[in-house]
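Peer 1: With mature numbering (1 follows the signal peptide of the UniProt record, and there is no 0) applied, the sequence shown corresponds to residues -22 to -1, 1 to 408, in that order.
Glycine included, C-beta positions come from ideal geometry on N, C-alpha and C.
These numbers come from a predicted model, not from an experiment.
I'd like to ask some things about the structure below.
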Amino acid sequence: MCYGPYGFFLLIWFRWSWQVDSANEYGILLEVIQVLIDLNLVISKAYITSDGGWFMDVFNITDKEGQKLKDKATIARIEDYICKSLGADSRYIPSRRRSVDVAASTDHNVIELTGTDRPGLLSEVSAVLASLKCNVVSAEIWTHNTRAAAVMRVTDEDTGLAVTDADRLERIKERLSYLLRGGNLSRGAAMAVSSGSSTTHTERRLHQMMLDDGDHEQLRRHLPNQSQRPNVTVSNWNDKDYSVVTIRCKDRAKLLFDTVCTLTDLHYVVFHANIDAKDNQAYQEFYVRHVNGSPMNTEAERLRVIQCLEAAIERRVSEGVKLELCTNDKVGLLSEVTRIFRENSLTVTRAEVSTRGRMAVNTFYVRDSAGEAVDQKTIESIRQAIGQNIQVKGQPEPSGPSQKKDSPTWFLFANLFRPRSLYSFGLFMR
């Protein structure tokens, strides 16, 4: 670790006794990014390159407020987490490709749902679970292009543990499947039961579920400002047998995770990349090959990658007002809150539900049923029904025009080690 006038530069070198083969390389970049994201760190710039069994990843990171890291204990924890993630005992677990699932562990059940989005859907799902005496302890819900996906962790209302009775699990499956099908039987949800808890990262699982569900194939929703749409291009660098994927869009938290997650789930290996964010605009450039070693050979393949990346970027773009609720946790809280939203003609476009000790910490993005902004009168009505402990964070900012960069090979000498007032984190591994 080196100290300079602008902060820290940290380069970690790994050399293992085993060769990093294509399977390890295929998933290892996503593993590293996932660790950084889970530590609530923001990646503002990155340089990624690999050659044979070696790779070197350098990340410029800040905390979520954009401040450089100064706490040595935090820095040591980052190192420890990544060492464990990349160590000999770690395992890259392939994706589970089911669209909907109910899985059990000793302390909770994991319920995975995909279906057609509609106003009040989350309220209906949470009401069904409450009627079946299931308490939602955490959940994440995404919507995009008329589709919805959710990963929910629930417990038995009476025991506080997982539901293990097979007949009761079957009732949960039947009720939720019927609810999700609605009047659209051709795009309804299927249910499956498996033993053991989900080992897949929740947000990655949501990407997988929506990719499997084909949200990128649906008619694109109308955006009044077309500059809000991401600009994704794919071209082949024939001299090196790479496909070059470039992305220009508004910068936001977890953008790199979303794009690398999608490339990984589409079975592409990132050999080189340059990531940069400036003036609220993000530029990402990836040099990739399919896991079979070939670049993208057909126009249909290139189009599918573009559509899937655009969908992955848009899924986390939250439409509507952000409402944060922190209150004492109780059984049926999610059902109660979402019922109030529905009674006020609001639809939830994204939600994050968690429990910390005895407190429920929930974030909802809502808009009215016509897709318009929520007026102040409605907000006050919600506050009266829920309480003043719900905070309004305002409307999302409109995206500005995309910034263009130079040639697709500009990353090779892109001021990698220019001093910056943030923390720079590097990996070099064989």
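For the alpha helix (DSSP H) containing T240, list its first residue and its last residue.
Peer 2: Residue 240 sits at position 262 when you count from the first residue of the sequence shown. DSSP places T240 inside the alpha helix (DSSP H), whose first and last residues are 233 to 243.
Peer 1: Pop quiz: N367 and T305 are said to be a contact at Cβ under 8 Å. What is the actual Cβ separation, rounded to whole angstroms?
Peer 2: Indexing the sequence shown from 1 puts residue 367 at position 389. Indexing the sequence shown from 1 puts residue 305 at position 327. Indeed they touch by this definition, with Cβ atoms about 5 Å apart.
Peer 1: Roughly how many angstroms separate the alpha carbons of E350 and L303, rounded to a whole number?
Peer 2: For the purposes of this step, residue 350 is taken as the residue at position 372 of the sequence shown. For the purposes of this step, residue 303 is taken as the residue at position 325 of the sequence shown. If you draw a straight line from the Cα of E350 to the Cα of L303, it is about 22 Å long.
Peer 1: Rounded to whole angstroms, how far is the Cβ of V370 from the Cβ of L301, which I believe are closer than 8 Å?
Peer 2: Stepping through the sequence shown from its first residue, residue 370 is reached at position 392. Stepping through the sequence shown from its first residue, residue 301 is reached at position 323. V370 to L301, Cβ: 6 Å. Contact.
Peer 1: Starting from the Cα of S332, find the closest Cα among L311, S347, I318, F319 and give me that residue.
Peer 2: Within the sequence shown, the letter at position 354 stands for residue 332. Nearest of L311, S347, I318, F319 to S332, Cα basis: L311.
Peer 1: Grab the span of the beta strand (DSSP E) containing E181 for me, first residue to last.
Peer 2: Taking the first residue of the sequence shown as 1, we reach residue 181 at position 203. Per DSSP, E181 belongs to no beta strand (DSSP E); it is in the alpha helix (DSSP H), 180 to 191.
Peer 1: Please classify L301: does DSSP put it in a helix, a strand, or coil?
Peer 2: Along the sequence shown, read from residue 1 onward, the residue named residue 301 stands at position 323. It is a strand residue.
Peer 1: Shortest alpha-carbon distance to Y220 belongs to which of R294, S28, E181?
Peer 2: Here the question's residue 220 lines up with position 242 in the sequence shown. If we check each option's Cα against that of Y220, S28 comes out closest.
Peer 1: With DSSP run on the structure shown, which of helix, strand or coil describes E135?
Peer 2: Counting from one through the sequence shown, the residue named residue 135 turns up at place 157. It is coil, neither helix nor strand.
Peer 1: So, helix, strand or coil for S(-1), using DSSP?
Peer 2: Taking the sequence shown and counting its residues from 1, one reaches residue -1 at position 22. Note that S(-1) scores a pLDDT of 34, beneath 50, so its modelled location is shaky; the value from the coordinates is reported in the next line. Helix at S(-1).
Peer 1: Taking the alpha carbon of F264 as the reference point, which residue from I284, V222, R230, C239 has its own alpha carbon closest?
Peer 2: Translated into the one-based positions of the sequence shown, residue 264 becomes position 286. Nearest of I284, V222, R230, C239 to F264, Cα basis: V222.
Peer 1: For L281, is the classification buried or exposed, using 16 other Cβ atoms within 10 angstroms of its Cβ as the cut-off for buried?
Peer 2: In the sequence shown, residue 281 corresponds to position 303, counting from 1. With fewer than 16 Cβ atoms within 10 Å of its Cβ, L281 is classed as exposed.
Peer 1: Count the other C-beta atoms from every protein chain shown that fall within 10 angstroms of the C-beta of R336, then say buried if there are 16 or more, exposed otherwise.
Peer 2: As a working mapping, residue 336 is identified with position 358 in the sequence shown. Exposed.
Peer 1: Where does S28 sit, in a helix, a strand or coil, going by DSSP?
Peer 2: On the sequence shown, residue 28 is found 50 positions in, with the first residue counted as 1. In the structure shown, S28 sits in a strand (DSSP, three-state: E or B).
Peer 1: Considering only their Cβ atoms, is the gap separating E135 from C112 smaller than 8 Å?
Peer 2: The residue labelled residue 112 in the question sits at position 134 within the sequence shown. The residue labelled residue 135 in the question sits at position 157 within the sequence shown. Yes.
Peer 1: Using 10 angstroms around the beta-carbon of C227, count the other beta-carbons present and answer buried if the total reaches 16, otherwise exposed.
Peer 2: By one-based count along the sequence shown, residue 227 stands at place 249. The residue in question, C227, is buried, as its Cβ has 16 or more Cβ neighbours within 10 Å.
Peer 1: Could you say which of R131, L110, N322, D243 lies nearest to Q186 if we only look at CA atoms?
Peer 2: Within the sequence shown, the letter at position 208 stands for residue 186. Answer by Cα proximity: D243.
Peer 1: When DSSP labels each residue in this structure, what does T142 get in the three-state scheme?
Peer 2: Here residue 142 corresponds to residue number 164 of the sequence shown, with the count starting at 1. Correct three-state label for T142: coil.
Peer 1: Does the count of Cβ pairs from the region 119 to 129 and the region 291 to 298 closer than 8 Å reach three?
Peer 2: Counting Cβ pairs under 8 Å, three or more are found: they touch.
Peer 1: Would you mind sorting Q262 into buried or exposed? The rule is 16 or more other CB atoms within 10 Å of its CB.
Peer 2: Reading the sequence shown from its first residue, position 284 is the one you call residue 262. Under this definition Q262 is a buried residue.
Peer 1: Please state whether DSSP places R361 in a helix, a strand or coil.
Peer 2: Residue 361 sits at position 383 when you count from the first residue of the sequence shown. Three-state result, R361: helix.
Peer 1: Which same chain residues end up closer than 8 Å to E375 when comparing Cβ atoms and leaving out the 5 residues on each side of it in sequence?
Peer 2: To locate residue 375, count along the sequence shown from 1; it is residue 397. A caution first: E375 carries a pLDDT of 42, below 50, which makes its placement in the model unreliable, though a value can still be read off. Excluding positions up to five away in sequence, the list is empty.
Peer 1: Does DSSP put H122 in a helix, in a strand, or in coil?
Peer 2: Sequence index remark: in the sequence shown, residue 122 carries index 144 (1-based). Here H122 sits in strand by DSSP.
Peer 1: Following the continuous alpha helix (DSSP H) through A351, name the residue where it begins and the one where it ends.
Peer 2: Within the sequence shown, numbered from 1, the residue matching residue 351 stands at position 373. Segment: none, A351 is in no alpha helix (DSSP H) and carries neither H nor E.
Peer 1: Could you spell out where the beta strand (DSSP E) holding L91 opens and where it closes?
Peer 2: Position 113 of the sequence shown, counting from 1, holds the residue named residue 91. Taken as a continuous stretch (DSSP letters only), the beta strand (DSSP E) holding L91 covers 87 to 94.
Peer 1: Can you tell me whether R328 is helix, strand or coil according to DSSP?
Peer 2: For the purposes of this step, residue 328 is taken as residue 350 along the sequence shown, with counting starting at 1. Three-state result, R328: strand.
Peer 1: What is the DSSP secondary structure of residue 425, counted as helix, strand or coil?
Peer 2: Given a span of -22 to 408 for the chain in the structure shown, any question on residue 425 remains unanswerable.
Peer 1: To the nearest angstrom, how far is it from the Cα of S(-1) to the Cα of V309?
Peer 2: Reading the sequence shown from its first residue, position 22 is the one you call residue -1. Reading the sequence shown from its first residue, position 331 is the one you call residue 309. Residue placement at S(-1) is flagged as unreliable, the pLDDT there being 34, under the threshold of 50; a coordinate-derived value is accordingly withheld.
Peer 1: Could you name the residues of the same chain whose beta carbon sits closer than 7 Å to that of I26, not counting the 5 residues immediately before and after it, in chain order?
Peer 2: Your numbering for residue 26 matches position 48 in the sequence shown. Hits under 7 Å: L7, D35, V248, H250, A251.
Peer 1: So what's T276 in DSSP terms, helix, strand or just coil?
Peer 2: Locating residue 276 in the sequence shown gives position 298, counting from the first residue. It is coil, neither helix nor strand.
Peer 1: In terms of residue numbering, what span does the alpha helix (DSSP H) encompassing S104 cover?
Peer 2: Start at 1 with the first residue of the sequence shown, and residue 104 comes out as number 126. 99 to 109 is the extent of the alpha helix (DSSP H) around S104.
Peer 1: Terminal residues of the continuous alpha helix (DSSP H) containing V315?
Peer 2: For the purposes of this step, residue 315 is taken as residue 337 along the sequence shown, with counting starting at 1. That run of the alpha helix (DSSP H) goes 311 to 321.
Peer 1: Tell me which residue opens and which closes the beta strand (DSSP E) that R267 is part of.
Peer 2: Position 289 of the sequence shown, counting from 1, holds the residue named residue 267. Note, R267: beta strand (DSSP E), 259 to 268.
Peer 1: By Cβ distance, which residues of its chain are closer than 7 Å to E102, with the 5 residues on each side in sequence left out?
Peer 2: Here residue 102 is taken as the residue at index 124 of the sequence shown, counted from 1. The beta carbon of E102 sits closer than 7 Å to the beta carbons of L157 from its chain, once the five residues preceding and following it are set aside; these are given in chain order.
Peer 1: What's the gap between the Cα of A128 and the Cα of E90?
Peer 2: Within the sequence shown, residue 128 is the residue found at index 150, counting from 1. Within the sequence shown, residue 90 is the residue found at index 112, counting from 1. The C-alpha of A128 lies about 6 Å from the C-alpha of E90.
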